[in-house]
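Asks: Pasting a structure below so you can have a look.
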Amino acid sequence: MIEENYSVVWDLDSFFVGGSSSTALRKHLDEVKNKLLAFEEELKDFNTPSSIQDVNKIVHTIEKLKDIAVNLSEAGAVIGCFQAQDTTDKQAALLEGEVGMLYAKLSSSMLTIQQMLGQTEESVWQDLLQTNELSSFAFVLNEWRNEAKLMLSEKEEDMITTLSVDGYHAWGQLYDLLVGDIRIKLTLDGVEKELSVGQANNLSSHEDAAIRKESFNALETAWTEKEDFFAKTLNHIAGFRLAVYEKRGWESVLQEPLQINRMKQETLDAMWGAISKNKAPFVEYLQRKSDMLGEKRMHWYDLDAPVSASTEKMDFQQGAAFILKHFKEFGPKLAAFSRNAFEKGWIEAEDRPNKRPGGFCTGMPVSEESRIFMTYSGSMSNVSTLAHELGHAFHSYALRPVHWMNRQYAMGVAETASTFAEMIVADAAVKEAKTEEEKIALLEDKIQRSVAFFMNIHARYLFETRFYEERKKGMVSATRLNELMVTAQKEAYGDALETTHPHFWASKLHFYITDVPFYNFPYTFGYLFSLSIYAKAITEGSSFEEKYIALLQDTAVMTVEDLAMKHLGEDITKEAFWIKGINLCIQDVNEFIQFTNVKG
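Residue numbering for the sequence shown follows full-length UniProt numbering, starting at 1 and increasing by one per position.
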C-alpha cells in the first residue's frame with residue numbers, strides 16, 4: 001500500500017494569491033465596502049412591514065444581507081488564517097482592523113432590519129411568516145424579532161456596535177499580539193531552543209517528565225511576567241460586556257451566551273448538576289494515573305502525560321490514514337469529505353515558530369470550503385484534534401444545501417459535530433489495540449477528553465462566572481484572578497490536584513474571544529450531546545450517516561432542546577439525559593482501572 005503524501009501546509013492562494021498583500025484581497029474588500037455603503041443607503045427606505053405585500057421587500061433585503069455577509073466572512077476568515085500561520089504578519093493585523101470596522105457596519109445594518117421587524121404588528125408578522133418566501137426562515141426571523149425586543153433603541157445599539165470596534169474587539173486582538181510575541185526558551189536534547197507558546201504547549205504530552213515540568217514552569221513564568229497586561233485586557237473585555245448588559249437591563253451574565261447557544265438555563269444547570277454528582281470515578285482515575293507516574297497526587301503538568309511506554313507517535317501521513325480509515329467505518333460521506341480536505345491542502349499542521357497556539361476550523365462561505373489550523377507533533381492528542389476540526393468542517397459541508405439564513409448554528413451544536421468525529425477515531429482506536437499496553441494508552445487518551453470536558457471546562461466555567469460577579473464591583477487584579485482560577489480548578493477537579501495552573505486564565509484564548517462570551521460550556525454540551533448521537537450510530541451502523549446529516553442540517557433552525565427531542569427523543573433539561581452520557585465515560589474509567597490494577 002502506497003502511503004499518501006498530504007501537505008502539512010494549507011493552501012490559501014486558492015482564495016487570494018499573494019498573502020496579506022494580495023491585490024485580489026484588496027479588491028475584494030473594496031467591493032464589500034462599496035456594497036455595504038449602498039446597502040446602508042437602501043435601508044433608509046426599509047420601513048416596518050405593514051402588510052403581507054411587504055414580503056418581497058423582506059426577501060430582497062435578506063438576499064442583499066446574505067451577499068455582503070458571505071463575502072465579508074470569506075475575507076475575514078482568510079485574514080484570520082494569515083494571522084494564525086504567522087503572528088509577525090503586520091499587514092494581516094491591519095487588515096483585521098479593517099474587517100472589524102466592516103463587521104461593525106454590517107451589524108448596524110443588521111440592527112436596523114431587526115428593529116423594523118421587531119416593530120411589526122403581530123398579525124401582520126404571522127401572515128408574513130406563513131408565505132412561501134419566508135416560512136423556511138421563520139425560526140431565525142422570530143429570533144431576530146425577539147432579540148430586538150431585548151435591546152436598546154436602534155440609535156443606542158448602533159453606538160455600542162461602533163464603539164465596540166476599538167473599545168471591545170480591539171482588546172481581544174491585543175491578546176493575540178501579546179501571545180504571539182511570547183517566546184519560551186527550553187533545553188531539549190541538550191540544545192537550547194526558542195519556542196512559540198503553541199510549540200511549548202505541545203510538550204505537555206512529552207514522555208519525559210522533566211521536560212513536561214520544565215515547559216510548564218517556563219510557560220507559567222512567561223504568563224507571570226505579562227500577567228498585568230493580560231489582567232488589564234481581560235478586565236476591559238468583561239467591563240465592556242457588563243456595561244452593555246447593564247444598559248440593556250440584563251441581570252445575568254449568562255443571558256447572552258444562553259441566547260447565542262439557543263439553550264435554556266435549566267439545560268445548563270442539569271448538565272453541570274449531573275457532572276458535579278458523578279466526578280468520583282474521574283478523581284479515582286487521576287489518582288491512579290499519578291500512582292503510575294510515581295507521584296503521590298496529580299500535578300497539572302502531568303495531566304497529559306503518557307502512561308505507557310508504547311504510546312504510539314504518528315507522523316501527519318499516518319495520522320491522516322488513521323482518521324480516514326475510521327471515518328470510513330462510520331460513513332462514506334464523512335470519509336470522502338475528509339480525504340478531499342487532505343488532498344486539497346485544507347490543513348495547516350506544520351510544527352514551526354511564529355504560529356498561533358491552539359487549533360481551529362474556519363469556513364469560507366463563498367467558496368464553500370474550510371481551513372483547519374493546528375500544530376501537529378505526532379501525539380495521539382494531535383490526531384484527536386485533527387479529527388475534531390475535521391468534524392467542524394464536515395458540519396459546514398453538511399449545511400451546503402441549506403440557505404445562508406439557516407446555517408448560523410450555535411456554539412454548543414458546533415462542538416457536537418467536532419467531538420462526534422473525535423469520538424469515532426478514539427473509540428475505534430481502543431477497540432483495535434493490538435496489545436494490552438497499547439489499549440491502556442489509547443483508553444487513557446479517551447478518558448483525558450472526559451476529564452477535559454468534565455473538569456477543565458468546568459473550572460473555566462466556575463472561574464468565569466465568579467470573575468464576572470467580582471468585575472461588577474470593579475477591576476480584578478492579576479493576583480485575585482490567580483486565586484479565582486486555583487479555587488475553580490480545585491473544585492472542578494474534585495481536589496485531585498497537587499499543583500494547579502494559576503495563570504490558566506491568561507493562557508487560554510477562549511476567555512479573550514469577543515465574538516462569543518463564555519466559550520466554555522458549549523464544549524461540554526457538545527461532548528455529552530454527541531455521546532448520545534454516537535450511541536445511535538453504533539446501533540444503526542453506516543445507515544445512520546444520513547440521519548446524522550439531517551440532524552446537522554437542523555442545528556441552526558431550532559433550540560437545542562427541540563433538536564434533542566426531534567432527533568434523539570430526549571429531554572435535555574433533566575439530569576437523567578446527561579447521566580447516561582457520563583456513565584459511558586465512567587465505563588472507560590472502570591476499564592482503565594481494571595487494566596492498570598497493581599497485582600500482588
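A virtual CB, placed ideally from N, CA and C, is assigned to each residue, including glycine.
Keep in mind it's a predicted model, so treat the numbers as computed, not measured.
Under the DSSP definition of a beta bridge, which residues are partnered with Ser370?
Replies: Translated into the one-based positions of the sequence shown, residue 370 becomes position 370. Answer is Gly363, bridged to Ser370.
Asks: For Val191, which three-state DSSP category applies?
Replies: Along the sequence shown, one-based indexing puts residue 191 at 191. Residue state, collapsed to three classes: strand.
Asks: With DSSP as the reference, label Thr133 as helix, strand or coil.
Replies: Position 133 of the sequence shown, counting from 1, holds the residue named residue 133. It should be pointed out that residue 133 corresponds to Glu in this sequence rather than to Thr. Looking at Glu133 - three-state DSSP - the assignment turns out to be coil, as it is neither helix nor strand.
Asks: Going by C-alpha to C-alpha distance, which of Phe82, Thr224, Thr221, Phe282 sits closest to Leu497?
Replies: By 1-based counting over the sequence shown, the position of residue 497 is 497. Closest option to Leu497, Cα to Cα, is Phe282.
Asks: Alpha carbon to alpha carbon, what distance is there between Ser22 and Leu462?
Replies: In the sequence shown, counting from the first residue as 1, residue 462 sits at position 462. In the sequence shown, counting from the first residue as 1, residue 22 sits at position 22. Approximately 44 Å between the Cα atoms of the pair.
Asks: If I'm right that Phe521 touches Leu178 with Cβ under 8 Å, what's the distance once you round it to whole angstroms?
Replies: Position 521 of the sequence shown holds residue 521. Position 178 of the sequence shown holds residue 178. The Cβ separation is near 26 Å, so there is no contact.
Asks: With DSSP run on the structure shown, which of helix, strand or coil describes Met298?
Replies: Locating residue 298 in the sequence shown gives position 298, where the first residue counts as 1. Three-state result, Met298: strand.
Asks: Rounded to whole angstroms, what is the Cα-Cα separation between Val9 and Gly345?
Replies: Counted from its first residue, the sequence shown places residue 9 at position 9. Counted from its first residue, the sequence shown places residue 345 at position 345. Distance between the alpha carbons of Val9 and Gly345 is about 7 Å.
Asks: If contacts are defined as beta-carbon pairs under 8 Å, then Met485 and Pro502 qualify, I think. What distance do you get, rounded to the angstrom?
Replies: The residue labelled residue 485 in the question sits at position 485 within the sequence shown. The residue labelled residue 502 in the question sits at position 502 within the sequence shown. Contact holds; Cβ gap of about 6 Å.
Asks: Please report the distance separating the alpha-carbon of Thr161 from that of Pro517.
Replies: Walking along the sequence shown from the start, residue 161 turns up at place 161. Walking along the sequence shown from the start, residue 517 turns up at place 517. Answer to the nearest angstrom: the Cα atoms are 16 Å apart.
Asks: Do Ala270 and residue 610 count as a contact pair if the criterion is CB distance below 7 Å?
Replies: In the structure displayed, the chain extends from 1 to 600; residue 610 sits before or after that span and is not available.
Asks: Could you compute how far the alpha carbon of Ala478 sits from the alpha carbon of Glu227?
Replies: If you number the sequence shown from 1, residue 478 lands on position 478. If you number the sequence shown from 1, residue 227 lands on position 227. Each residue's Cα considered, the two are about 6 Å apart.
Asks: Can you check which of these residues, Ser135, Tyr285, Asn132, is closest to Thr596 by C-alpha distance?
Replies: As a first step, residue 596 is located in the sequence shown; it is residue number 596 there, counting from the start. With distances taken between Cα atoms, Thr596 lies closest to Tyr285.
Asks: With a threshold of 16 other CB atoms inside 10 Å of the CB of Pro401, please say whether the residue is buried or exposed.
Replies: On the sequence shown, residue 401 is found 401 positions in, with the first residue counted as 1. The residue in question, Pro401, is exposed, as its Cβ has fewer than 16 Cβ neighbours within 10 Å.
Asks: Where does Lys105 land, buried or exposed, given buried means 16+ other C-beta within 10 angstroms?
Replies: By one-based count along the sequence shown, residue 105 stands at place 105. By the neighbour-count rule (16 or more Cβ atoms within 10 Å), Lys105 is buried.
Asks: By a C-beta neighbour count over all protein chains shown, 10 Å radius and 16 as the cutoff for buried, is Ala550 buried or exposed?
Replies: The residue you call residue 550 lines up with position 550 of the sequence shown. Exposed, because fewer than 16 other Cβ atoms sit within 10 Å of the Cβ of Ala550.
Asks: Given that a residue counts as buried once 16 or more other Cβ atoms are within 10 Å of its Cβ, and exposed if not, what is Met374?
Replies: To locate residue 374, count along the sequence shown from 1; it is residue 374. Flag for Met374 reads buried.
Asks: Just verifying my parser: in three-state terms, what is the DSSP assignment at Lys599?
Replies: On the sequence shown, residue 599 is found 599 positions in, with the first residue counted as 1. With a pLDDT of only 36 at Lys599, under 50, the local geometry of the prediction cannot be trusted, and the value read off the model is given with reservation. Lys599 falls in the coil class under three-state DSSP.
Asks: Please determine whether the Cβ atom of Leu95 lies at a distance below 6 Å from any heavy atom of the ligand HEM.
Replies: The ligand HEM is absent from the structure shown, which contains no ligand whatsoever.
Asks: For the candidate residues Gly359, Glu96, Phe39, Ala305, whose alpha-carbon lies nearest to that of Ile113?
Replies: Translated into positions along the sequence shown, residue 113 becomes position 113. Ranking the options by Cα distance to Ile113, first place goes to Phe39.
Asks: Hey, how far is the Cα of Asp302 from the Cα of Ser196?
Replies: Translated into the one-based positions of the sequence shown, residue 302 becomes position 302. Translated into the one-based positions of the sequence shown, residue 196 becomes position 196. Taking the straight line joining both Cα atoms gives about 20 Å.
Asks: Does the separation of the CB atoms of Thr233 and Tyr175 fall below 7 Å?
Replies: One-based indexing of the sequence shown puts residue 233 at position 233. One-based indexing of the sequence shown puts residue 175 at position 175. Yes, they are a contact pair.
Asks: Determine, using beta-carbon pairs with one atom in the region 310–329 and one in the region 360–380, whether at least three such pairs fall under 8 Å.
Replies: These segments touch.
Asks: From Ser108 to Pro357, what does the alpha carbon distance come to, in whole angstroms?
Replies: Stepping through the sequence shown from its first residue, residue 108 is reached at position 108. Stepping through the sequence shown from its first residue, residue 357 is reached at position 357. Answer to the nearest angstrom: the Cα atoms are 32 Å apart.
Asks: If I measure Cβ to Cβ from Met110 and keep anything under 8 Å in the same chain, skipping five residues before and after, which residues do I get?
Replies: Position 110 of the sequence shown, counted from the first residue, corresponds to residue 110. Leu65.
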